[in-house]
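Heads up, the thing below is written out as structure tokens.
Residue numbers (UniProt numbering): 1 to 136.
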């Protein structure tokens with residue numbers, strides 16, 4: 001009886017630990033609709049729009065788990081990646097960093113934050129734009 005208990009305990013422990021596997025799929029994976037873009041590098045008194053509203057448009061960023069970003073849009077002119085496919089990768093350090101490349105360009109690393117159904121990708125540390133998305 002003692003031998004059976006000694007055998008069952010490690011098996012149960014193994015099953016329990018295997019069931020606690022952490023989901024390593026980044027929260028950015030999925031379809032996101034671009035809502036607005038804010039420019040961070042112009043002073044507020046500058047005579048140039050610093051916020052662009054795209055909530056009435058269908059500009060979709062689809063981040064796939066395989067590292068491919070597919071961008072589709074119902075408008076031709078907007079602040080952001082043009083329609084097409086791009087590669088991306090994320091880096092989890094103290095802040096979540098994303099690098100998007102393709103069409104012979106690489107955007108400098110930006111920080112991103114997923115909170116519920118909201119995604120913010122910010123390039124403001126390099127005087128770049130801030131993109132606001134909602135999950136669809």
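Yeah, the Cβ is synthetic: ideal placement off N, Cα and C, and Gly gets one too.
All figures in this text were calculated on a predicted structure; none of them were measured in a lab.
Please report the straight-line C-alpha distance between residue i and residue j, rounded to a whole angstrom.
i: residue 56; j: residue 63; result: 21 Å
i: residue 50; j: residue 108; result: 20 Å
i: residue 28; j: residue 124; result: 19 Å
i: residue 69; j: residue 60; result: 10 Å
i: residue 126; j: residue 114; result: 20 Å
i: residue 71; j: residue 41; result: 25 Å
i: residue 24; j: residue 90; result: With a pLDDT of 40 at residue 24, under the threshold of 50, the predicted position of this residue should be treated as unreliable, though the coordinate-derived value follows. Going from the Cα of residue 24 to the Cα of residue 90 covers about 12 Å.
i: residue 22; j: residue 116; result: In this prediction, residue 22 scores a pLDDT of 39, lower than 50, which makes its location untrustworthy; no coordinate-derived value is stated.
i: residue 87; j: residue 47; result: 35 Å
i: residue 82; j: residue 136; result: 19 Å
i: residue 134; j: residue 66; result: 21 Å
i: residue 100; j: residue 38; result: 19 Å
i: residue 121; j: residue 131; result: 5 Å
Looking at the secondary structure, which residues open and close the beta strand (DSSP E) in which residue i lies?
i: residue 58; result: No beta strand (DSSP E) contains residue 58, which DSSP labels as neither H nor E.
i: residue 75; result: Unbroken run through residue 75: none, as it is neither H nor E.
i: residue 141; result: No information on residue 141 is available, as it lies outside the stretch 1 to 136 that the chain covers here.
i: residue 120; result: 118–122
i: residue 115; result: 110–115
Look up residue i in the DSSP assignment and give the residues it is bridged to.
i: residue 37; result: 52, 131
i: residue 31; result: 62
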